[in-house]
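Data first, discussion second: the structure below is written as structure tokens.
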């Protein structure tokens, strides 16, 4: 009885592909593409881990097969799991860890204006699409970018990371803090109804002091340097 080119087993967190070790790789690649194209409606753009079993693959071949899975089934392949650790619980942990890491790297978005008394606190960098009014706070262990007017308090690098920065289209904060460096503004009051021009600025630590500068190529170079 002829062996199938590829057999798919699944659990809620991952897929196991049992690969035929005797056929040419290009034939296997085509079989994987066809199999996942036919099964696309069952996966519904899921985020899953993948294990390859039954055949030794090079890193390049693994990448090719993952690409076929993504392109033909719309699956988000989070990671490749070692065959020896093929259990549902391990898949769950691997997927959860990979998603958390991805979220930390990519950051998050907050849409809307933060009003007095509201606090937005995140483990990752954050982009606020709106204003931060006086009396509101944004606290992030990463960077803070405000696509609006910042008149509240902002705290970037809250875990002590002095390499973080804060930026806003209009930078008029009541208080700004990055890691262990802080400064207060004497301009903004508790209630501020004034309108300020859009003047994008960035705040970062340089030579143990907070620097606030217009966002220019020179300022970015200095921050990166």
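Numbering (our numbering), first residue to last: 1 to 225. We put the beta carbon where it would ideally sit given N, CA and C, even for glycine. No experiment lies behind these values; they were computed from the predicted model shown.
Asked	Found
Ignore the nearest five residues each way along the sequence and tell me which others in residue 111's own chain have a CB closer than 6 Å to its CB.	129
To which residues of the same chain is residue 85 closer than 6 Å at the C-beta, ignoring the five residues directly before and after it?	Below a pLDDT of 50, predicted positions are generally treated as unreliable, and residue 85, at 48, falls in that range; the measurement from the model is reported next regardless. Around residue 85: no qualifying Cβ.
Note the first and the last residue of the continuous alpha helix (DSSP H) segment covering residue 61.	59-73
By alpha-carbon positions, which one of 162, 200, 217 and 218 ends up nearest to residue 207?	162
Give the straight-line distance between the Cα atoms of residue 70 and residue 43, rounded to the nearest whole angstrom.	11 Å
Can you tell me whether DSSP reads residue 168 as helix, strand or coil?	strand
Give me whichever residues DSSP pairs with residue 108 in a beta bridge.	126
Report back the beta-carbon spacing between residue 14 and residue 50 to the nearest angstrom; my notes put them in contact at under 8 Å.	7 Å
Quick check: the Cα distance between residue 34 and residue 124, rounded to an integer number of angstroms?	39 Å
Using the Cβ count rule (16 or more neighbours within 10 Å means buried), how would you classify residue 172?	buried
With a CB to CB cut of under 7 Å and the five nearest residues on each side skipped, what residues in its chain are close to residue 158?	139, 140 and 141
Between residue 155 and residue 177, which are expected to be in contact by the criterion C-beta below 8 Å, what is the C-beta distance as a whole number of angstroms?	4 Å
DSSP state of residue 49, grouped into three classes?	strand
Considering residue 213, what are the terminal residues of the beta strand (DSSP E) in which it resides?	209-214
Among residues of its own chain, excluding the 5 on either side of residue 200, which ones have a beta-carbon nearer than 6 Å to its beta-carbon?	169 and 215
Give the DSSP bridge partners of residue 156, in chain order.	178
Report the CB separation of residue 4 from residue 20 in whole angstroms; it is logged as a contact under 8 Å.	7 Å
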